[in-house]
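Going letter by letter, the sequence shown gives residues 698 to 994 in the working numbering.
Glycine included, every Cβ here is placed at the ideal spot set by N, Cα and C.
Bear in mind the structure is a predicted one, so any value in this text is a computation, not a measurement.
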Amino acid sequence: PLRAQEPAADQGEALSVWVDLDAMRQGSVGARLISAAKQLVENEIARKGKGEITLEKIGETLGFDPFEDLQAVTFGIVRPGSPEKGMQLTLQLRETTGNIEGLLLALPEYDSEEKGALTVHSFQLPDKPSLRVYATFVDGPRGSKRIVASLDEEALSPAVENDPRTAGASSAETFAHVQLNRLDGLKIGKGPQQNIAKLVTRIAFDAEEPGDEFALKLTMEASSDRQAEQLQQLAQGMLAMVNLAKDMEDADKEVKLLAKVLNKSSVTREGSQVALSLRVASDMVIEFLRKEARLPL
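Written out as structure tokens, the structure reads:
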């Protein structure tokens with residue numbers, strides 16, 4: 698579902714991304730995606746470092762293993778066209794932030810300042826000296842640690858109050874939530890998608906892995922209940938068209954695959970929000986990612 702958002706154009710996040718890596722590790726698709734990401738990173742490091750640099754050595758420098766000790770991540774942008782206006786990142790770690798706080802001393806134009814209960818560190822981005830990063834380290838429950846960083850110093854305090862482990866969870870199995878609260882500025886293009894975009898004011902994606910299934914949910918919010926009903930009718934009609942097309946003699950394998958993916962799908966509406974939900978066997982998703990995305994799963 699869509700999260701509550703401040704109505705003012707200069708408040709709240711235009712884009713927010715939340716990933717619970719601990720929840721992701723519990724599912725077969727999620728665990729394989731993390732493992733594949735680790736392997737791809739290792740391959741890239743080996744290619745660029747010519748064998749002298751390894752992920753293990755990077756972990757020793759950081760003081761923690763990013764693929765094991767990172768629990769959750771949140772990322773937000775207030776103004777996509779002006780990332781310096783409130784872009785922020787939160788990393789939830791287990792019991793240590795490693796050597797990060799000490800390594801900050803080596804960054805350009807480093808400074809720190811006590812602001813109430815927070816120690817605010819700041820430094821210039823090496824490749825963009827016009828931008829300054831502000832960061833603070835927070836103790837969480839049960840000995841956990843959190844790093845909060847932003848390009849806007851005033852955005853730090855509100856971000857500290859949000860727990861990234863629960864920021865986007867709609868259920869215990871939810872491991873990812875992406876929400877776009879402003880569609881203006883997006884390159885939609887001409888055609889049917891442009892007509893749909895005119896009705897949609899906000900959009901969200903949720904991913905979870907309950908049991909042996911992989912579930913995705915697309916939620917769209919319209920300006921009115923009537924427009925939401927129109928979106929609901931469109932979604933239901935498209936599902937029916939795919940179901941009809943798969944039974945035709947000349948139906949290709951792509952159409953049949955799409956029909957199989959949409960077999961356990963549903964469209965619901967609550968007020969001005971329309972949700973398209975689908976469930977697919979986890980094994981089917983893994984096989985698709987292996988063949989089509991060529992991921993090492």
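Among the bridge pairs identified by DSSP, Gly773 is matched with Ser713, Gln785. Arg976 counts as buried, since at least 16 other C-beta atoms from the protein chains shown sit within 10 angstroms of its C-beta. The C-alpha of Ile983 lies about 43 Å from the C-alpha of Pro805.
Taking a cut-off of 8 Å for Cβ pairs, the region 910-918 and the region 966-976 touch, as three or more such pairs fall below it.
Per DSSP, Ala852 is not a residue of any alpha helix (DSSP H), being assigned neither H nor E. Here DSSP, grouped into helix, strand and coil, assigns Thr758 to helix. The beta carbon of Ser920 sits closer than 8 Å to the beta carbons of Leu896, Thr898, Ser969 from its chain, once the five residues preceding and following it are set aside; these are given in chain order. Here Glu951 is exposed. Its C-beta has fewer than 16 other C-beta atoms within 10 Å. Looking at Leu802, Asp808, Asp717, Gly799, the one whose alpha-carbon comes closest to that of Phe764 is Asp717. When C-alpha distances from Phe761 are compared across Ala769, Gln736, Ile797, the shortest belongs to Ile797. Per DSSP, the continuous beta strand (DSSP E) segment holding Ser974 begins and ends at 970-978. The Cβ atoms of Leu767 and Leu788 lie closer than 8 Å to each other. If you draw a straight line from the Cα of Ile844 to the Cα of Leu802, it is about 16 Å long.
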